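Structure, as structure tokens:
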Amino acid sequence: MTALTTKPEAESVVENSLIRPRWEFPALAALLIGTAVAYLCNLTANGWANSFYAAAVQAGSVSWKAFFFGSSDAANAITVDKTPAALWPMELSARVFGFGSWSMLAPQVLLGVASVALLWATVRRYHGAAAGLLAGLALALTPVAALMFRFNNPDALLVFLMIAGAWAMLRATESGRWRWLVLCGLFMGFGFLAKQLQVLLVLPALVLVYLFAGPPKLGTRLLQLFAAGAVMVVGAGWWVLIAQLWPVDSRPYFGGSQNNSIIELTLGYNGLGRLSGDETGSVGPGGELPAGGNGMWGQTGITRLFDSAQGGQIAWLLPAALILTVVALVFYGRAPRTDLRRASVMLWGGWLLVTGLVFSFMKGIFHQYYTVALAPAVAALTAIGAVLLWQHRDRMTARICAAATMGVTTATAWVLISRTSDFVPWLRWVILVGGLGASFALLLPPAPKRSAFAALLAGTVALSGPAAYTVETIASVNAGSIPSAGPEIRGGRGMPGPGGEMPDGRGGMGGRDNAPVGSRVPAGGDPGNGSGRVGAPSGTAETAAPDGGAGGSAGPNGGADGGGFLGGASQVSDKVIALLTADADNYTWIAAATGSNSAATYQLATELPVMSLGGFNGSDPFPTLAQFERYVADGRIHYFIAGGGGGPGARDDGAISAWVAANFTAVQVDGVTVYDLTS
262 MTALTTKPEA ESVVENSLIR PRWEFPALAA LLIGTAVAYL CNLTANGWAN
312 SFYAAAVQAG SVSWKAFFFG SSDAANAITV DKTPAALWPM ELSARVFGFG
362 SWSMLAPQVL LGVASVALLW ATVRRYHGAA AGLLAGLALA LTPVAALMFR
412 FNNPDALLVF LMIAGAWAML RATESGRWRW LVLCGLFMGF GFLAKQLQVL
462 LVLPALVLVY LFAGPPKLGT RLLQLFAAGA VMVVGAGWWV LIAQLWPVDS
512 RPYFGGSQNN SIIELTLGYN GLGRLSGDET GSVGPGGELP AGGNGMWGQT
562 GITRLFDSAQ GGQIAWLLPA ALILTVVALV FYGRAPRTDL RRASVMLWGG
612 WLLVTGLVFS FMKGIFHQYY TVALAPAVAA LTAIGAVLLW QHRDRMTARI
662 CAAATMGVTT ATAWVLISRT SDFVPWLRWV ILVGGLGASF ALLLPPAPKR
712 SAFAALLAGT VALSGPAAYT VETIASVNAG SIPSAGPEIR GGRGMPGPGG
762 EMPDGRGGMG GRDNAPVGSR VPAGGDPGNG SGRVGAPSGT AETAAPDGGA
812 GGSAGPNGGA DGGGFLGGAS QVSDKVIALL TADADNYTWI AAATGSNSAA
862 TYQLATELPV MSLGGFNGSD PFPTLAQFER YVADGRIHYF IAGGGGGPGA
912 RDDGAISAWV AANFTAVQVD GVTVYDLTS
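Residues 262 to 940, numbered by my numbering, are exactly what the sequence shown covers, in order.
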């Protein structure tokens with residue numbers, strides 16, 4: 262296949278980007294306004310979303326120390342198991358507008374709109390207006406993106422900063438100026454503060470693209486990259502240094518670590534452990550079983566991103582993105598080393614390849630919503646390749662590539678949507694017929710009306726599947742620690758139990774038949790086990806906040822005696838709230854409960870500090886029995902709430918619970934076992 266660029270063309274790429282079609286700004290406005298309206302629609306139906314992070318947002322909205330450290334409670338007992346930057350936009354919003362569901366989730370929506378706009382600008386600069394708009398539209402309609410830009414997990418800020426890093430690196434590749442490399446390093450460093458080492462998945466692509474295509478001499482390029490790396494370390498290291506050097510007795514315990522160390526958390530539980538499956542303090546063993554079966558987080562392998570859990574989240578355009586990456590690189594094969602269009606394709610392709618392979622083979626904790634990190638690359642590559650083939654549709658090779666890509670995309674959509682036989686069952690037939698028709702039309706010699714119809718039909722078919730999943734996501738309640746976009750799929754929800762899927766295809770602990778960890782129901786329906794009052798987020802009815810936990814409904818809090826499991830806040834009765842809030846000003850913590858999710862249930866209901874024993878999974882060695890006894894002796898904790906806990910990896914020594922039971926009297930309040938630690 263012959264190259265489609267020459268040196269003069271490459272030099273005029275940026276100049277051509279200054280030419281703006283009359284339709285571009287109206288189309289861009291429609292894209293951004295449409296994205297904002299769609300993502301804001303039904304937003305408060307998600308209630309507190311992930312109550313684990315919602316409690317931290319509440320804490321940071323009233324305590325600047327909790328804001329800085331990412332503490333789970335305003336009294337700063339323990340932090341969330343991540344660095345805190347992703348919480349900061351939500352906490353600032355809560356300080357301005359008051360703490361509630363809308364004020365917490367609206368900043369995530371704004372990050373989504375900003376991500377669409379920045380992806381448009383980055384792709385448009387090197388590939389034209391049509392490619393930029395198509396990339397932005399594809400990102401906005403990616404189901405997992407629509408989910409996470411309406412949720413309070415850290416991924417919204419992470420994705421925005423990853424796109425910002427790509428934008429800055431391509432500007433550096435364009436000009437060779439130091440300032441762009443410094444800016445890229447800052448974005449990567451701040452991305453670490455959003456979700457630690459995950460931001461590094463895009464780093465190989467950024468480095469290799471500049472090393473290959475940067476304008477300066479090789480020695481200068483290497484020096485610039487080292488400088489950008491140093492800035493990245495500074496961008497992340499300032500917080501790490503302050504947090505690590507802060508006196509231990511004056512700061513919260515670093516949740517997720519076993520030695521109260523942010524370095525250990527970074528390299529272990531949130532770092533290399535995710536790759537190897539050896540994660541001390543995790544909710545359970547991960548990885549692939551020795552016999553080749555599924556591990557707790559599903560079977561690893563090259564097809565992982567297409568399985569029932571991940572497929573509907575991200576895989577709709579994934580084959581097309583891979584095919585079109587190869588096509589674009591071949592088309593630009595004879596371009597000069599510094600060609601910006603090829604550099605752009607290399608960057609997005611490297612992003613997709615490295616991140617996709619890591620997700621496919623990592624043996625530690627892996628959730629389907631992680632795939633949102635692939636969405637910008639998939640959207641960019643699909644848009645770039647599609648527009649490139651359209652521009653060269655007069656060549657038979659381009660038409661064959663377009664038809665083949667359309668065929669593969671149709672087959673992928675057919676497989677994905679066929680997994681949900683009761684979800685718009687007619688759509689798969691429309692996709693099949695429309696996709697085959699588009700493939701045939703794309704093969705025909707170009708003619709103005711026919712070619713335009715073929716392109717419109719192909720785009721509609723390719724985006725109809727993810728669009729349907731996105732609409733379903735927006736129209737439904739999404740809550741819990743392991744949310745998932747689109748309709749319910751048997752075997753594709755939450756986390757499978759040890760041994761993977763059940764023989765009948767049901768999921769394990771995360772399956773719909775086993776109380777899903779990431780609850781999704783139509784808006785206005787029953788939002789899950791034990792749903793009810795969880796602090797009544799602003800702008801919603803008291804019963805609107807979803808449970809989403811797998812704690813069951815034996816007690817009024819979604820568990821036998823405690824709160825919801827894995828991020829699902831459950832109901833708290835008025836009697837329990839009245840008990841906990843009485844004389845609250847006399848105590849540092851109104852209560853203590855095992856596991857951050859149980860503690861979050863009561864903290865969100867009262868908006869007062871509740872100590873989490875053992876952190877997110879209930880497995881962190883904080884507090885020790887001696888520490889807890891000292892807190893009680895000093896009169897700093899009013900109540901101990903029995904039950905609750907975390908996942909399968911929760912601390913099981915029972916020392917604190919046994920000590921409380923042996924020294925204090927249990928009282929039942931609306932089915933909740935409470936001990937008054939001051940009596």
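Idealized CB from N, CA, C, for every residue including glycine.
Computed from a predicted structure; not experimentally measured.
Check whether the region 927-935 touches the region 886-897, counting contact only when three or more Cβ pairs, one atom from each stretch, lie closer than 8 Å.
no
Mind checking ARG281: buried by the 16 CB within 10 Å criterion, or exposed?
Walking along the sequence shown from the start, residue 281 turns up at place 20. Burial call: exposed.
Secondary structure of THR681, DSSP reduced to three states:
Here residue 681 is taken as the residue at index 420 of the sequence shown, counted from 1. Reduced to three states, the DSSP call for THR681 is coil.
Taking DSSP as the reference, what is the three-state secondary structure of GLN929?
As a first step, residue 929 must be located in the sequence shown, where it is residue number 668. Strand.
If we count the other Cβ atoms within 10 Å of its Cβ and call it buried at 16 or more, is MET365 buried or exposed?
Sequence index remark: in the sequence shown, residue 365 carries index 104 (1-based). It is buried - the Cβ of MET365 has at least 16 other Cβ atoms within 10 Å.
What residues in its chain sit with their C-beta under 6 Å from that of GLY393, if we drop five residues either side in the sequence?
Your numbering for residue 393 matches position 132 in the sequence shown. Non-local C-beta neighbours of GLY393 in its own chain, meaning closer than 6 Å and more than five positions away in sequence, comprise TRP381, VAL384, ARG385, ordered along the chain.
Alpha carbon to alpha carbon, what distance is there between ALA663 and PRO707?
Position 446 of the sequence shown holds residue 707. Position 402 of the sequence shown holds residue 663. Going from the Cα of PRO707 to the Cα of ALA663 covers about 13 Å.
Report the three-state DSSP secondary structure of ILE750 (helix, strand or coil).
As a working mapping, residue 750 is identified with position 489 in the sequence shown. Looking at ILE750 - three-state DSSP - the assignment turns out to be coil, as it is neither helix nor strand.
Between PHE877 and GLY517, which are expected to be in contact by the criterion C-beta below 8 Å, what is the C-beta distance as a whole number of angstroms?
Start at 1 with the first residue of the sequence shown, and residue 877 comes out as number 616. Start at 1 with the first residue of the sequence shown, and residue 517 comes out as number 256. Contact holds; Cβ gap of about 7 Å.
Suppose you measure from the CA of PHE451 to the CA of MET409; what does that come to, to the nearest Å?
Position 190 of the sequence shown, counted from the start, is the residue given in the question as residue 451. Position 148 of the sequence shown, counted from the start, is the residue given in the question as residue 409. Roughly 19 Å between the two C-alpha positions.
Look at the Cβ atom of ILE692, then the Cβ atom of VAL722, and state whether they are nearer than 9 Å.
Translated into positions along the sequence shown, residue 692 becomes position 431. Translated into positions along the sequence shown, residue 722 becomes position 461. In contact: ILE692 and VAL722 (Cβ atoms closer than 9 Å).
Just how far apart, CA to CA, sit PHE358 and HIS628?
The count along the sequence shown starts at 1 and reaches residue 358 at position 97. The count along the sequence shown starts at 1 and reaches residue 628 at position 367. Taking the straight line joining both Cα atoms gives about 32 Å.
For GLY507, name the three-state secondary structure that DSSP assigns.
The count along the sequence shown starts at 1 and reaches residue 507 at position 246. Looking at the sequence shown, residue 507 is not Gly but Trp. Here TRP507 sits in coil by DSSP.
Within the same chain, show all residues whose beta-carbon is closer than 6 Å to that of TYR387, passing over the 5 residues directly before and after it, in chain order.
Position 126 of the sequence shown, counting from 1, holds the residue named residue 387. Taken in chain order, the residues that qualify are VAL274, LEU601, ARG602, SER605.
Mind checking whether ALA396 and ILE645 have CB atoms under 9 Å apart?
Numbered from its first residue, the sequence shown carries residue 396 at position 135. Numbered from its first residue, the sequence shown carries residue 645 at position 384. In this structure, ILE645 lies closer than 9 Å to ALA396 by Cβ.
So, are the CB atoms of THR666 and ALA647 less than 9 Å apart?
For the purposes of this step, residue 666 is identified with residue 405 of the sequence shown, where counting begins at 1. For the purposes of this step, residue 647 is identified with residue 386 of the sequence shown, where counting begins at 1. Yes, Cβ-Cβ distance for THR666 and ALA647 is below 9 Å.
Taking all protein chains shown into account, decide if LEU526 is buried (16 or more other Cβ within 10 angstroms of its Cβ) or exposed.
As a working mapping, residue 526 is identified with position 265 in the sequence shown. That one is buried.
Cutoff 6 Å; reference PHE889; Cβ partners in own chain excluding five residues on either side
The count along the sequence shown starts at 1 and reaches residue 889 at position 628. Around PHE889: ILE917.
Alpha carbon of ARG660 to alpha carbon of ALA589, nearest angstrom:
Counted from its first residue, the sequence shown places residue 660 at position 399. Counted from its first residue, the sequence shown places residue 589 at position 328. Roughly 14 Å between the two C-alpha positions.
When the Cα atoms are used, what is the spatial distance from GLY389 to PRO513?
Counted from its first residue, the sequence shown places residue 389 at position 128. Counted from its first residue, the sequence shown places residue 513 at position 252. One C-alpha to the other measures close to 50 Å.
Going by Cα to Cα distance, which pick from SER725, ASP937, CYS302 is closest to LEU688?
As a working note, residue 688 is residue 427 in the sequence shown. Nearest option by C-alpha distance: SER725.
Would you mind giving the Cβ-Cβ distance between ILE750 and THR681, rounded to the nearest angstrom? I have them listed as a contact below 8 Å.
Position 489 of the sequence shown, counted from the first residue, corresponds to residue 750. Position 420 of the sequence shown, counted from the first residue, corresponds to residue 681. ILE750 to THR681, Cβ: 6 Å. Contact.
State buried or exposed for ALA455, treating a residue as buried only when at least 16 other CB atoms are found within 10 Å of its CB.
The residue given as residue 455 occupies position 194 in the sequence shown. ALA455 counts as buried, since at least 16 other C-beta atoms from the protein chains shown sit within 10 angstroms of its C-beta.
Counting Cβ pairs closer than 8 Å, one from the region 617-632 and one from the region 427-442, do we hit at least three?
no
Whose C-beta lies closer than 8 Å to the C-beta of THR885 among residues of the same chain, with five residues either side of it excluded?
Within the sequence shown, residue 885 is the residue found at index 624, counting from 1. Closer than 8 Å at the Cβ level, and outside the excluded window around THR885, lies no residue.
How should THR616 be labelled, buried or exposed, when 16 other C-beta atoms within 10 angstroms of its C-beta is the threshold for buried?
Numbered from 1 along the sequence shown, position 355 holds the residue referred to as residue 616. Buried, because 16 or more other Cβ atoms sit within 10 Å of the Cβ of THR616.
Local conformation of GLY908 per DSSP, three classes:
Position 647 of the sequence shown, counted from the start, is the residue given in the question as residue 908. Interpretation of GLY908 is limited by its pLDDT of 48, a score under 50 that renders its predicted location unreliable; the figure taken from the coordinates is listed afterwards. Of the three classes helix, strand and coil, the one that applies to GLY908 here is coil, per DSSP.
What ranges does the beta strand (DSSP E) occupy inside the region 839-873, keeping only unbroken runs of at least 3 residues that lie completely in it?
850-855
ALA407 to VAL921, Cα distance in whole Å?
For the purposes of this step, residue 407 is taken as the residue at position 146 of the sequence shown. For the purposes of this step, residue 921 is taken as the residue at position 660 of the sequence shown. Those two C-alpha atoms are separated by around 45 Å.
Out of curiosity, what's the CA-to-CA distance linking GLN319 and ASN311?
In the sequence shown, the residue the question calls residue 319 occupies position 58. In the sequence shown, the residue the question calls residue 311 occupies position 50. Approximately 12 Å between the Cα atoms of the pair.
Ignore the nearest five residues each way along the sequence and tell me which others in GLN535's own chain have a CB closer than 7 Å to its CB.
Locating residue 535 in the sequence shown gives position 274, counting from the first residue. Checking the sequence shown, residue 535 turns out to be Arg, not Gln. Cβ within range, chain order: MET623, GLY625, ILE626.
Test item: CB-CB of VAL460 and ALA488 under 9 Å
Mapped onto the sequence shown, residue 460 falls at position 199. Mapped onto the sequence shown, residue 488 falls at position 227. No, Cβ-Cβ distance for VAL460 and ALA488 is not below 9 Å.
Work out the CA separation of LEU528 and ALA740 for me, nearest whole Å.
Counting from one through the sequence shown, the residue named residue 740 turns up at place 479. Counting from one through the sequence shown, the residue named residue 528 turns up at place 267. Computed Cα separation, rounded: 28 Å.
Consult DSSP for ASN739 and reduce its assignment to one of helix, strand or coil.
What you label residue 739 is simply residue 478 of the sequence shown in a count that begins at 1. Three-state DSSP puts ASN739 in a strand.
Would you call the region 298-315 in contact with the region 496-513, where contact means no fewer than 3 C-beta pairs closer than 8 Å?
no
Give a yes or no on contact between the region 832-840 and the region 860-871, applying the rule of three or more CB pairs nearer than 8 Å.
Enough Cβ pairs lie closer than 8 Å, so yes.
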